[in-house]
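Protein sequences appear in the order of chains F and B. So the mapping is simple: my numbering equals the position in the first sequence, first residue as 1, plus 62. So the mapping is simple: my numbering equals the position in the second sequence, first residue as 1, plus 4. C-beta: ideal position from N, C-alpha, C; glycine also. All values reported here derive from a predicted model rather than from experimental measurement. Report on the following structure.
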Amino acid sequence: MKKFFAMLLAICMVAVMLVGCGDTASSSSNGSDTQSNASDYKVALLLPGSANDKSWNQYGYDALMKVKDELGVEVAYSENVTNVDLQQALRDYASQGYDMIIGHTGGFEDDMIKVSADFLDTKFVCIAGSTGNDVNVTSVDTAPWQYGYAYGWMASQVSQTGKVGYITANEGTGTQNNLVGSWKDGVKANNPDTQGTVVYLSDSDDVASAREAALAMISAGCDVVMHELNRAAQGVIDVCKEKGVYTIGRSAEDVAAAPDQVLTYCNFDWGPKYVYLVEQGMSGALEPGFLFFGFNTPEAPGFTFTYDDANGWNPNVVSEEILAKFKTDVEEMFIADPARSYTTEQAAGGTF
Amino acid sequence: MSVDFVVEFLSSTIRIAVPIILIALGVCYSEKAGVHAMGAEGYMLIGAFVSVVMTIATGSHFLGVVFGILAAALSSAVFSAFAVYLGANQVICGLGLNFIMLGLTSALQRLFWGTTGVPRIEAMNPIEIPVLSDIPLIGPMLFDQPILTYITYLLIPVAWWIMFKSTWGLQLRAVGENPSCADTLGINVARTRSISAIVCGVFCGMGGAVLALQQVQSFTENISNGRGWLGLIAATFGGWNPVGAAGAGLVFGASEVLQLRLQMLGNIQISSYVILMLPYLVALVFILLIGKGRRHPAAMGKYYRKQ
């Protein structure tokens, strides 16, 4: 009897773990309603988190669905891919004949470069990567140093107390360095007297910690608190709404939830960029190496500041005058000189 | 250092500490009776999930909390059926339960809400207690909190009293120390142990409800994020005494808040990863200072078969 129960428990555990934790879902178009030339092309996407996080991973998932709808290619995706099973996942998709494998985080770059050497016919695309290689790995980014700078500039511009804050996680990764380093630059470029504070959390999904960090900043006098987090971003936005402090959102939903506090959100709309990348891959024109989309990139804009259909920034806070200054001081500066990069030291936490 | 800063620091500490304290109280009960409470994280997850689902379904925070607690209690009852009655390895069962709950809550969340995620719910608002909240310093810090926080304040002495002053508490400690001796005195060892394990589930479920309803105001995947484990450690540091465990929970809360405040200090050239270690460093120092003399209940984790 005891053995029977023990076996039953073991089977239940394995079954639930496979169903629940694995989260390896795949979705393939059946090909019947797609163009014959495109349906041969197969694209796989690896997401580091869950496809419904309303943030980074969902951008990737939505973009893949756009590729599927517009180009009619066969797609598959895996969620919650960790660095432990990444190499195996890459090899699996490559062996199954996927023509392009997209990794939706810069953290996958090193392993993608390693595995790519064994599958020279496969194109590897690393989103938010920073180097790529010379053969078949293309790293793509949305120029975080451009929108990070823009956020910092605007935070400093709209602050009444002269104190602004930024909450993020994953110190030391390439994207974070560029984002936080440029945010700090932007704050000081707008007004050298503005005091900025950067706090790194241990986890970009821990909502309760993010709430406490935001409360701490507000009690220290910050009246603009920005963030770059996944699920935890919700905690920052909630606190800013409760305390009447300006923040940024991640989507139109956040603007609708706190229309007075949210200044804007970065609409990355990875869809057109994914479509562009897959088209380039299909025609064989995709170049290996590093490629970024920023302000005014003709193929597809890297990001679009969005408040609502008519406004890029909250019109009750950001006046026409400020927008004009933003255009000359930020946009035109980056259009003239788009590339920048920051080190971990430049992106260090603390008050500056 | 202004008064405002101190008040803000301490009320932040209490917010962070309350879920950890609730878990720690639960763990005290389970482990004092000799049952490992490795599943605390899992109970917390299911408690948080069900409390959010039921709050959305019924529109009542009260029913949300009740069902959250019931769900966690039910999971701990299943655990105790295996661990206490069938003698399965308690550590393995508890760990397995954590995986099951993480998978189950994530999968159900997808099933109910697809890729849009769990909707927001209204937060449980702080209730100011008249007179008491006017006490300078302590007032706004302790007596301007949501209802479950007040219940937690009350549960600490109650849990202590039941464990050390009541007959059932004596039985519970007896089965944790020497089950065969307790058995000869006519105590039903398996029943006492499984009730203790279920009490642990009740506390953890409430901890999950506090986290989800009072703080996050929704459910997100892996919402507990290690808090169940911190509760488990707090109980150990507190010597499985509810008052000590609550104290350890407060220290963990304070070190988490201190970690955030340290990062905000001007221009300290220390990597955030080093500062983020602070709560765990505090845990280590605890072990060195007071953990040495701690002895766990003698029969902890040992299956007792009635002769």
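{"Item": "Per DSSP, the bridge partner or partners of residue 165 of chain F", "Value": "F:108 and F:188"}
{"Item": "First through last residue of the alpha helix (DSSP H) which encompasses residue 329 of chain B", "Value": "Residue 329 of chain B lies beyond the range of chain B shown here (5 to 311); nothing can be said about it."}
{"Item": "Residue 199 of chain F beta carbon less than 8 Å from that of residue 178 of chain F", "Value": "yes"}
{"Item": "Strand pairing of residue 262 of chain F, partner residues [DSSP]", "Value": "F:230"}
{"Item": "Member of F:207, F:379 and F:122 whose CA lies at the smallest distance from the CA of residue 396 of chain F", "Value": "F:207"}
{"Item": "Alpha-carbon to alpha-carbon, residue 19 of chain B and residue 132 of chain B", "Value": "15 Å"}
{"Item": "Where residue 142 of chain B sits in the DSSP three-state scheme", "Value": "helix"}
{"Item": "4 or more residues per run - each alpha helix (DSSP H) lying fully within the region 59–125 of chain B", "Value": "65–84 and 94–117"}
{"Item": "Span of the beta strand (DSSP E) around residue 326 of chain F", "Value": "324–329"}
{"Item": "Any chain F beta carbon closer than 8 Å to residue 277 of chain B", "Value": "yes"}
{"Item": "Under 8 Å between C-beta atoms of residue 307 of chain F and residue 296 of chain F", "Value": "no"}
{"Item": "Start and end residues, alpha helix (DSSP H) containing residue 286 of chain F", "Value": "Run containing residue 286 of chain F: none in the alpha helix (DSSP H); it sits in the beta strand (DSSP E), 286–290."}
{"Item": "Residue nearest to residue 387 of chain F in terms of C-alpha spacing, selected from F:267, F:253 and F:362", "Value": "F:253"}
{"Item": "Residue 405 of chain F at chain B interface by Cβ criterion, 8 Å", "Value": "no"}
{"Item": "Own chain residues within Cβ distance below 6 Å of residue 85 of chain F, not counting five before or after", "Value": "Model confidence at residue 85 of chain F stands at a pLDDT of 40, short of 50, so the residue's coordinates are unreliable and nothing is read from them."}
{"Item": "Span separating the alpha-carbon of residue 271 of chain F from that of residue 233 of chain B", "Value": "16 Å"}
{"Item": "DSSP bridge partner residues for residue 459 of chain F (one or two, in chain order)", "Value": "Outside the modelled stretch of chain F, which goes from 63 to 414, sits residue 459 of chain F, for which no answer is possible."}
{"Item": "Proximity of residue 182 of chain B and residue 32 of chain B at Cβ, strictly below 8 Å", "Value": "no"}
{"Item": "Pairwise C-alpha distance: residue 270 of chain B and residue 279 of chain B", "Value": "14 Å"}
{"Item": "CB of residue 203 of chain B within 8 Å of CB of residue 98 of chain B, strictly", "Value": "no"}
{"Item": "Distance between residue 290 of chain F and residue 82 of chain B (C-alpha atoms, nearest Å)", "Value": "40 Å"}
{"Item": "Cβ neighbours of residue 263 of chain B in the same chain (closer than 7 Å, five flanking residues each side left out)", "Value": "279, 280, 282 and 283"}
{"Item": "Boundaries of the beta strand (DSSP E) in which residue 200 of chain F is found, first to last residue", "Value": "199–203"}
{"Item": "Inter-residue spacing [alpha-carbon to alpha-carbon] between residue 177 of chain B and residue 34 of chain B", "Value": "10 Å"}
{"Item": "Neighbour list for residue 219 of chain B in chain F, Cβ cutoff strictly below 7 Å", "Value": "270 and 273"}
{"Item": "Residue 219 of chain F to residue 286 of chain F span [Cα, whole Å]", "Value": "10 Å"}
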